[in-house]
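**Q** Got a structure here, written out as structure tokens. Questions coming.
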Amino acid sequence: MNIGITCYPSLGGSGVVATELGKLLAERGHNVHFITAGMPFRLGQFHPNIFFHEVEVNQYDVFKHPPYDLTLANRMAQVAETEKLDLLHVHYAVPHALCAYLAKQMVGDHLKIMTTLHGTDITVLGYDPGLRDMIRFGIEKSDIVTAVSKDLIRETKEVLQVDKPIELVYNFVDKRRYSKKDVHEWRAKFAPQGEKIIMHISNFRPVKRVQDVVMIFRELHKKVPSKLILIGEGPEQSSIRQLIKENDLCEDVIFLGKQDDVAEVLSLADLMILPSEKESFGLVALEAMACGVPVIASNAGGLPEVVVHGKSGFLCEIGETDKMAHFAIQLLSDEEMYQTFSDEALRRSQEKFSHEQITLQYEALYYKLCKE
Ligand code: GMT
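One rule links them: number in this note's numbering = place in the sequence shown (from 1) + 1117.
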């Protein structure tokens, strides 16, 4: 098939899923055309079935904002015609589902649209009265809509009052890249006294509650010799640095900044912490589990569909940092328990979220769509 994929190409779970899916589809022999505003950051090496069509958005004096949406829709229509696309698979509803619909109006009904909802397109933007009706329209005009968790399907139906069926297709992890690696040399650098390594990866936005990570670490650190590695960048970074300073933790917290590829670094972690306020799936939790790293998380959104409480990690109410610290101490102080959780995390990641299984699920939906 000839498949067009649009996503936000910069750092973010939706961009990662879209890019990794495109690569897997190309491996299965499909021609995959990325139509994006920049090269998706995980696209990496050359593949003969992968094509990149840049959406170059010009700035005009007559417009206050560059016309990304219209330029994208026009580019989608151009690529659909020149490359004979069977379908456009767009990730993130706003504005991508609407742009795809516009492109379809330009080229004809044979071009099918699949929209995948990732989270904040519904759980944040869906509550904005200035966007809500438009998001609902984009969903209703898509030929197939998928979402990355049952909880996201529930919230979409509740917030937007849509009747359209929404298919569940979970996020996935490629076990060929995400697996426990031998990183003892790095461990010696980051935890020279054999300390446990706690990790948090995010875009440091308020919904990620990185301040809770610091509070959990503060309590854990009193009982278990440990280091905290923080990965990512975002608006909360300076207040987090300040919090670390106020709690006299600077010597034991390491900021690694933005990392394009976390597959290697995850093997350093003994525990992943994800105490988010909102999280439709929590791809980073799954990536950690694939490396045998148990997860302590909040029970927000779709996280309970990924991490099983008391098996592959522990889940607490949002903001229950003392309880999260208690579970972290328990897990890191009991080697046998830790090993059972680590094995279970790995097993679950492979059994329920394998790249083979999820790629086939998307592919089956594409074939269904194109037969209609
Ligand atoms: O988490 C973010 O802030 C980035 C965001 C995105 O749109 O890329 O991630 C969302 O999509 C990911 C991939 O499906 C999910 O794993 C994340 O849970 C989801 N983020 C939120 O719901 C906050």
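Just so you know, even glycine gets a beta-carbon here, dropped at the ideal spot from N, CA and C.
Can you check which of these residues, E1437, V1300, N1166, V1196, is closest to T1123 by C-alpha distance?
**A** Minimum Cα distance to T1123 is reached at V1196.
**Q** Give the secondary structure of M1193 by DSSP, where H, G and I count as helix, E and B as strand, and everything else as coil.
**A** M1193 falls in the helix class under three-state DSSP.
**Q** Mind checking whether D1268 and S1393 have CB atoms under 8 Å apart?
**A** Against a cut-off of 8 Å, the Cβ pair of S1393 and D1268 comes out as no contact.
**Q** With 16 other CB atoms within 10 Å as the buried threshold, where does S1384 fall?
**A** Counting Cβ neighbours within 10 Å, S1384 comes out buried, since at least 16 surround it.
**Q** By a C-beta neighbour count over all protein chains shown, 10 Å radius and 16 as the cutoff for buried, is T1476 buried or exposed?
**A** Buried, by the Cβ-count rule.
**Q** Would A1405 be called buried (16 or more neighbouring beta carbons within 10 Å of its own) or exposed?
**A** The residue in question, A1405, is buried, as its Cβ has 16 or more Cβ neighbours within 10 Å.
**Q** Considering only the beta carbon of each residue, do M1231 and L1486 sit closer than 8 Å?
**A** Going by C-beta atoms, M1231 is nearer than 8 Å to L1486.
**Q** V1265 and I1283 - do their beta-carbons sit closer together than 8 Å?
**A** Cβ distance not < 8 Å, so I1283 and V1265 don't count as in contact.
**Q** Any chance the CB of S1415 is under 7 Å from a heavy atom of ligand 1?
**A** For ligand 1, not one heavy atom lies less than 7 Å from the Cβ of S1415.
**Q** Would you list the one or two residues that DSSP bridges to T1476?
**A** T1476 is not bridged to any residue.
**Q** State yes or no: is the C-beta of L1347 nearer than 7 Å to some heavy atom of ligand 1?
**A** Incorrect: L1347 has no Cβ contact closer than 7 Å to ligand 1.
**Q** Taking only three categories from DSSP, how would you classify C1124?
**A** Of the three classes helix, strand and coil, the one that applies to C1124 here is coil, per DSSP.
**Q** Give the straight-line distance between the Cα atoms of T1457 and L1242, rounded to the nearest whole angstrom.
**A** Cα to Cα, the separation comes out at about 40 Å.
**Q** State buried or exposed for V1424, treating a residue as buried only when at least 16 other CB atoms are found within 10 Å of its CB.
**A** When all chains shown are included, V1424 counts as buried.
**Q** Going by the CB atoms, is the gap between H1208 and H1235 shorter than 8 Å?
**A** In this structure, H1208 lies closer than 8 Å to H1235 by Cβ.
**Q** For ligand 1, I want to know if V1207 counts as a neighbour, meaning its beta carbon is within less than 7 Å of at least one of the ligand's heavy atoms.
**A** Every heavy atom of ligand 1 is 7 Å or more from the Cβ of V1207, so no.
**Q** Can you tell which of T1136, E1200, N1119 has the C-alpha that lies nearest to the C-alpha of F1289?
**A** Considering only alpha carbons, the answer is T1136.
**Q** Check whether the Cβ of V1265 sits closer than 7 Å to any heavy atom of ligand 1, and report yes or no.
**A** Yes, the beta carbon of V1265 sits closer than 7 Å to at least one heavy atom of ligand 1.
**Q** Taking 8 Å as the limit between beta carbons, can you name the residues of its chain near K1297, skipping five residues before and five after?
**A** Excluding residues within five positions, the ones whose Cβ falls inside 8 Å are S1384, C1408, G1409, L1463.
**Q** Straight-line CA distance for V1276 to I1239?
**A** Going by the C-alpha atoms only, they are around 8 Å apart.
**Q** Can you tell which of G1311, M1223, R1293 has its C-alpha closest to the C-alpha of H1301?
**A** Nearest option by C-alpha distance: G1311.
**Q** If I measure Cβ to Cβ from Q1467 and keep anything under 8 Å in the same chain, skipping five residues before and after, which residues do I get?
**A** So the list reads K1292, A1407, once near-sequence residues are dropped.
**Q** How many whole angstroms separate the CB atoms of L1347 and L1373, which I take to be in contact at a CB cut-off of 8 Å?
**A** About 7 Å separates the two Cβ atoms, so the contact holds.
**Q** Quick check: what's the CA-CA separation for F1470 versus G1430?
**A** In a straight line, the C-alpha of F1470 is about 16 Å away from that of G1430.
**Q** Under the three-state reduction of DSSP, which class applies to G1430: helix, strand or coil?
**A** Note: G1430 maps to strand in three-state DSSP.
**Q** Enumerate, from N- to C-terminal direction, the unbroken alpha helix (DSSP H) stretches of 4 or more residues contained entirely within the region 1382 to 1418.
**A** As far as the region 1382 to 1418 is concerned, its whole alpha helix (DSSP H) runs of at least 4 residues are 1400 to 1407.
**Q** For L1142, which of Y1125, E1173, Q1474 has the nearest alpha-carbon?
**A** When only C-alpha atoms are compared, the closest one is Q1474.
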